[in-house]
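Asks:
Number of protein chains: 2
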Amino acid sequence: MKKSGSHPITLADVASTAGVGIATASRAVNGGTNVSPRTLKRVQAAIRQLGYLPNHAARILKGGRTKTVGLLMPSIADSFFASCAEAAGEIARLHDSLLIVAVSNNDRDTEMGNLAALMRHRPDGLLIVPSDCAAKHLVSFVRSSAVPIVTFDRPILGSGCPSVLTDNFEAARTATVHLLEHGYKRILCLGGEPDLFTIRERLRGYRHVMESAKLPLLIDTTLSGNANSAVSTLARHLAGRRPPDAIFTLKNSATIVAFQALQRLKVSIPSDVALLGFDDFELASTLRPAISVVQQPLENVGRKAAELLFAQLDRTPGSAPSSKLSIEPVVFANRLVLRRSCGCKMRAGSL
Amino acid sequence: MKKSGSHPITLADVASTAGVGIATASRAVNGGTNVSPRTLKRVQAAIRQLGYLPNHAARILKGGRTKTVGLLMPSIADSFFASCAEAAGEIARLHDSLLIVAVSNNDRDTEMGNLAALMRHRPDGLLIVPSDCAAKHLVSFVRSSAVPIVTFDRPILGSGCPSVLTDNFEAARTATVHLLEHGYKRILCLGGEPDLFTIRERLRGYRHVMESAKLPLLIDTTLSGNANSAVSTLARHLAGRRPPDAIFTLKNSATIVAFQALQRLKVSIPSDVALLGFDDFELASTLRPAISVVQQPLENVGRKAAELLFAQLDRTPGSAPSSKLSIEPVVFANRLVLRRSCGCKMRAGSL
DNA sequence: CTGTTAGCGCCTTCAT
DNA sequence: ATGAAGGCGCTAACAG
Chain C
-8 MKKSGSHPIT LADVASTAGV GIATASRAVN GGTNVSPRTL KRVQAAIRQL GYLPNHAARI
52 LKGGRTKTVG LLMPSIADSF FASCAEAAGE IARLHDSLLI VAVSNNDRDT EMGNLAALMR
112 HRPDGLLIVP SDCAAKHLVS FVRSSAVPIV TFDRPILGSG CPSVLTDNFE AARTATVHLL
172 EHGYKRILCL GGEPDLFTIR ERLRGYRHVM ESAKLPLLID TTLSGNANSA VSTLARHLAG
232 RRPPDAIFTL KNSATIVAFQ ALQRLKVSIP SDVALLGFDD FELASTLRPA ISVVQQPLEN
292 VGRKAAELLF AQLDRTPGSA PSSKLSIEPV VFANRLVLRR SCGCKMRAGS L
Chain L
-8 MKKSGSHPIT LADVASTAGV GIATASRAVN GGTNVSPRTL KRVQAAIRQL GYLPNHAARI
52 LKGGRTKTVG LLMPSIADSF FASCAEAAGE IARLHDSLLI VAVSNNDRDT EMGNLAALMR
112 HRPDGLLIVP SDCAAKHLVS FVRSSAVPIV TFDRPILGSG CPSVLTDNFE AARTATVHLL
172 EHGYKRILCL GGEPDLFTIR ERLRGYRHVM ESAKLPLLID TTLSGNANSA VSTLARHLAG
232 RRPPDAIFTL KNSATIVAFQ ALQRLKVSIP SDVALLGFDD FELASTLRPA ISVVQQPLEN
292 VGRKAAELLF AQLDRTPGSA PSSKLSIEPV VFANRLVLRR SCGCKMRAGS L
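Protein sequence lines, in the order shown, are assigned to chains C and L. Residues -8 to 342 (our numbering) are what the first sequence spells out, left to right. Residues -8 to 342 (our numbering) are what the second sequence spells out, left to right.
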């Protein structure tokens, strides 16, 4: 109907076939204020007939919103971030906006490169999961950037940028305390990427508890995603003179590879060594034993971040600057989900 | 540096602070052909100093590419689609483009609504996982749309639109045959959403084999995502006079809820009933027993779809129309990954 | 209520 | 090698 040969339909086309002026057509398109019902109908008919689609670029050029929000995060495929993204996307749709997605792979250069690419599209706002929460490149970007930014999962330290986090420190504390209450004394804290903000916070929580209890710090943050390397890492720890009696894994993937390694080493959970992980995952309750975890309210994080961003966007520039959003991060509490791997529910009859 | 008060930097600003004409500045920005080295340098300095960023909207308005690709799929959070999206995104970056993401929830209205929103951003091309492969609304959209479209995972029948699929029929056939070879005779085919193209193809494969073998068709496509409903569904089947001796699940989530239900019903796999699922998932090999599955080459699908799309985009309009891309869908083969749940490797020593 | 007009920032002839 | 000028499609002032 409108594809072949024909040049793209413009407002002018609509106006002429409707027999009205361009401005009138424009008004008709945008809600139709100050347009007589009859003309409105005529214009709408022309629009349908021609298959007219407003040219977004032209509107933007005029100075309006682009109705897009840039989303920059480590990975789309990671279920954690995918959940946040989905939730954020829903909020965006509610505000008639779309998400432009870019990934950082937790790599600084990739991050800055893709951020630049993002910015060319002039998003109205930015949702960022910073790869490095202290890196000056991001700080200075945020400082000089005119677009509102909200970070989630991790902050950009010293940027004055609103962020939505979960209480990693407190959750790690609670988790470690729980392990202690089970009577474990040698708790191995296991994970990778020790430079990430979230990991550091969790480590801090673990440390805090262990030091208060005057128990030895057993920390190994050399874990890679590789299952085989986890086997040798764990074999080494388990073969020591004083092996750990419990393992606290610092994230999702660490929990999984640790579980797999333990399984392969035929180490029984929790009788030989207990396991408690940060981050829930779909099959955590289906594995045997079911894995106890710290559960983060993912959807809430993504949703809240998006809401915060749109709150800034929708606030008309004229409003009182006193109502400036608090710079204090929004922090969600985490939940300790107790299943079997930590030693809980041992008495319970079934699995 | 550039945030406060100051209006956004334009090419004119660059030109004036560099002391050159706008046109020259423009040339300098775009590769710098026909610009003396000295002026080039001056302009570049001005660009850096001012923090100039080309206004994408203006470029688009001039008729250029938007350097964006629309991605419309059922869900971002679904690991299957997330993997495809990530792969597609990488290809897009290689072509200096970004992904604009919209979701359909497999719902026709949501799909068309979000598609319309997508189109306003004038993407150079579209990557679509159609919710309904036969729905006329999409067909007519594709027909009338001027932007290149590639679908993946599912086709849009009768649209002449290139698509990237996996061989669902053949894989389901192979899987069912494998079950037969184990000696199972009463194979229950279990899943939900029987209207989806992929599900139908898999059902067709199952049917084909069972009918050839003159074995009874046991099909239940009423499964929802809910674990509890799966328990009652399976309990019912298992309690029948002639219960199934094997279950072939039609997708990822069905496999998981079936496994969970079986586990809760204390039905032993594979001795009481064997299990084989369509779609691999992260912990399939970690569950006990490890689940045998049909594995789809997800990344390949996403990547290939994006490549096909850019092949169309990069093909300059002038080139011979004879080289028009084949309308035959690209079909990837699937792999049957045999683990324990189907009864394989029972003799093997360990787990 | 409606039409006319002036740009938004950029690229691209066309002169110089 | 460079500058001036027009127009991409749209909206917001301003006239009528």
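Glycine residues also receive a C-beta, built at the ideal position from the N, C-alpha and C atoms.
Kindly say whether residue 188 of chain L, judged by its beta-carbon, lies nearer than 8 Å to any beta-carbon of chain C.
Replies: Translated into positions along the second sequence, residue 188 of chain L becomes position 197. Judged by the 8 Å Cβ criterion, residue 188 of chain L is not in contact with chain C.
Asks: Looking at the strands, I want to know which residues DSSP matches up with residue 286 of chain C.
Replies: Counting from one through the first sequence, the residue named residue 286 of chain C turns up at place 295. BP columns for residue 286 of chain C point to C:326.
Asks: Residue 218 of chain C by DSSP, collapsed to three states: which one?
Replies: Residue numbering aside, residue 218 of chain C sits at position 227 when the first sequence is read from its first letter. In this structure, residue 218 of chain C counts as helix in the three-state DSSP scheme.
Asks: Below 8 Å, how does it come out for the region 25 to 34 of chain C and the region 17 to 33 of chain L: are there three or more Cβ pairs, yes or no?
Replies: Contact between the region 25 to 34 of chain C and the region 17 to 33 of chain L is absent, because fewer than three Cβ pairs lie under 8 Å.
Asks: Which residues in chain L have a C-beta closer than 9 Å to the C-beta of residue 94 of chain C? List them in chain order.
Replies: If you number the first sequence from 1, residue 94 of chain C lands on position 103. Within chain L, the residues near residue 94 of chain C are 77, 80, 81 and 84.
Asks: Does any CB atom of chain C fall closer than 8 Å to the CB of residue 116 of chain L?
Replies: Residue 116 of chain L sits at position 125 when you count from the first residue of the second sequence. Not closer than 8 Å to any Cβ of chain C, the Cβ of residue 116 of chain L fails to qualify, so no.
Asks: Going by CA-CA distance only, name the one from L:331, L:318, L:301 and L:327 that's closest to residue 80 of chain L.
Replies: For the purposes of this step, residue 80 of chain L is taken as residue 89 along the second sequence, with counting starting at 1. Cα-wise, what sits closest to residue 80 of chain L is L:301.
Asks: With 9 Å as the limit, tell me which residues of the region 202 to 216 of chain C have their beta carbon closer than that to any beta carbon of chain L; keep them in chain order.
Replies: Those residues of the region 202 to 216 of chain C that come within reach of chain L (Cβ to Cβ, closer than 9 Å) do not exist; the list is empty.
Asks: Let's see if you can read the secondary structure: which residues bound the alpha helix (DSSP H) around residue 256 of chain L?
Replies: Here residue 256 of chain L is taken as the residue at index 265 of the second sequence, counted from 1. From DSSP, residue 256 of chain L is part of no alpha helix (DSSP H); its letter is neither H nor E.
Asks: Could you pull the start and end residues of the beta strand (DSSP E) that residue 211 of chain L belongs to?
Replies: The residue given as residue 211 of chain L occupies position 220 in the second sequence. Its beta strand (DSSP E) spans residues 209 to 211.
Asks: Apart from the five residues on each side of it in sequence, which residues of its chain come closer than 6 Å, Cβ to Cβ, to residue 275 of chain C?
Replies: By one-based count along the first sequence, residue 275 of chain C stands at place 284. Excluding sequence neighbours, residue 275 of chain C sits near 282 and 284.
Asks: From what residue to what residue does the beta strand (DSSP E) around residue 237 of chain C run?
Replies: Numbered from its first residue, the first sequence carries residue 237 of chain C at position 246. Start and end: 237 to 240.
Asks: If you check the beta carbons only, do residue 124 of chain C and residue 111 of chain C fall under 8 Å apart?
Replies: Taking the first residue of the first sequence as 1, we reach residue 124 of chain C at position 133. Taking the first residue of the first sequence as 1, we reach residue 111 of chain C at position 120. No, Cβ-Cβ distance for residue 124 of chain C and residue 111 of chain C is not below 8 Å.
Asks: If we call anything under 8 Å between Cβ atoms a contact, is residue 115 of chain C one with residue 304 of chain C?
Replies: One-based indexing of the first sequence puts residue 115 of chain C at position 124. One-based indexing of the first sequence puts residue 304 of chain C at position 313. In this structure, residue 304 of chain C lies closer than 8 Å to residue 115 of chain C by Cβ.
Asks: Going along the chain, which residues of the region 102 to 129 of chain L sit with their C-beta nearer than 9 Å to a C-beta in chain C?
Replies: Here the close residues are 104, 105, 107, 108, 109, 110, 111, 112 and 113.
Asks: Between residue 47 of chain L and the rest of its own chain, which residues show a CB-CB distance below 8 Å, the 5 nearest in sequence each way excluded?
Replies: For the purposes of this step, residue 47 of chain L is taken as residue 56 along the second sequence, with counting starting at 1. Once the five neighbours on either side are set aside, the close Cβ partners of residue 47 of chain L are 57 and 58.
Asks: Are the region 147 to 156 of chain L and the region 244 to 261 of chain L touching by the rule of at least three beta carbon pairs closer than 8 Å?
Replies: Segments in contact, no.
Asks: Does the region 206 to 219 of chain C come close enough to the region 263 to 270 of chain C to have 3 or more Cβ pairs within less than 8 Å?
Replies: As far as the Cβ criterion goes, the region 206 to 219 of chain C does not touch the region 263 to 270 of chain C, which means the pair count is below three.
Asks: Compare the C-beta of residue 333 of chain C with all C-beta atoms of chain L and state if any pair is closer than 8 Å.
Replies: Residue mapping note: residue 333 of chain C aligns to position 342 of the first sequence, counting from 1. By this cut-off, residue 333 of chain C is not an interface position.
Asks: Measure the C-alpha to C-alpha separation of residue 326 of chain C and residue 288 of chain C and round it to an integer number of angstroms.
Replies: As a working mapping, residue 326 of chain C is identified with position 335 in the first sequence. As a working mapping, residue 288 of chain C is identified with position 297 in the first sequence. When rounded, the distance between both Cα atoms is 8 Å.
Asks: What residue from C:77, C:141, C:222 and C:62 has the CA that sits closest to residue 102 of chain C's CA?
Replies: Locating residue 102 of chain C in the first sequence gives position 111, counting from the first residue. When each option's Cα is compared against that of residue 102 of chain C, the closest is C:62.
Asks: Got a sec: is the Cβ-Cβ distance from residue 147 of chain C to anything in chain L below 8 Å?
Replies: By 1-based counting over the first sequence, the position of residue 147 of chain C is 156. No, no contact with chain L.
Asks: To be precise: take each residue of the region 232 to 258 of chain C, compare its Cβ to all Cβ atoms of chain L, and keep it if any distance is under 8 Å. Which residues remain?
Replies: Going along the region 232 to 258 of chain C in chain order, one finds 247, 250, 251 and 254 with a Cβ nearer than 8 Å to chain L.
Asks: So that I know if they touch, is there some Cβ in chain L lying closer than 8 Å to that of residue 38 of chain C?
Replies: Within the first sequence, residue 38 of chain C is the residue found at index 47, counting from 1. So, not an interface residue.
Asks: Please report the straight-line C-alpha distance between residue 165 of chain C and residue 66 of chain C, rounded to a whole angstrom.
Replies: In the first sequence, the residue the question calls residue 165 of chain C occupies position 174. In the first sequence, the residue the question calls residue 66 of chain C occupies position 75. Between residue 165 of chain C and residue 66 of chain C, the C-alpha separation is close to 28 Å.
Asks: Let me confirm a value: residue 235 of chain L is counted as buried when at least 16 other C-beta atoms fall within 10 Å, else exposed. Which label applies?
Replies: For this step, residue 235 of chain L is matched to residue 244 along the second sequence. It is buried - the Cβ of residue 235 of chain L has at least 16 other Cβ atoms within 10 Å.
Asks: If I follow the unbroken beta strand (DSSP E) through residue 143 of chain C, where does it start and stop?
Replies: Along the first sequence, read from residue 1 onward, the residue named residue 143 of chain C stands at position 152. It spans 140 to 143 - the beta strand (DSSP E) in which residue 143 of chain C sits, taken as one unbroken run.
Asks: Is any heavy atom of the ligand NAD found at a distance shorter than 7 Å from the C-beta of residue 83 of chain L?
Replies: This structure lacks the ligand NAD, and indeed carries no ligand of any kind.
Asks: Helix, strand or coil: which one does DSSP assign to residue 24 of chain L?
Replies: By one-based count along the second sequence, residue 24 of chain L stands at place 33. It is coil, neither helix nor strand.
Asks: State the DSSP-derived secondary structure class of residue 297 of chain C, mapped to helix, strand or coil.
Replies: For this step, residue 297 of chain C is matched to residue 306 along the first sequence. Helix, per DSSP.
Asks: Who are the neighbours of residue 49 of chain C on chain L, taking C-beta pairs under 9 Å?
Replies: Translated into positions along the first sequence, residue 49 of chain C becomes position 58. By Cβ distance, chain L contributes 48, 51 and 52.
Asks: Along chain C, which residues have their Cβ under 8 Å away from the Cβ of residue 68 of chain L?
Replies: Stepping through the second sequence from its first residue, residue 68 of chain L is reached at position 77. Result: 70, 73, 74, 76 and 77.
Asks: Using a beta-carbon distance cut-off of less than 8 Å, what residues from the region 275 to 297 of chain C approach chain L?
Replies: Taking 8 Å as the Cβ-Cβ cut-off against chain L, the residues of the region 275 to 297 of chain C that qualify are 277, 278 and 279.
Asks: In whole angstroms, what separates the C-alpha of residue 170 of chain C from that of residue 143 of chain C?
Replies: Along the first sequence, one-based indexing puts residue 170 of chain C at 179. Along the first sequence, one-based indexing puts residue 143 of chain C at 152. Going from the Cα of residue 170 of chain C to the Cα of residue 143 of chain C covers about 29 Å.
Asks: Output the boundary residues of the beta strand (DSSP E) element that contains residue 154 of chain L.
Replies: Along the second sequence, one-based indexing puts residue 154 of chain L at 163. Where residue 154 of chain L is concerned, the enclosing beta strand (DSSP E) stretches over 154 to 157.
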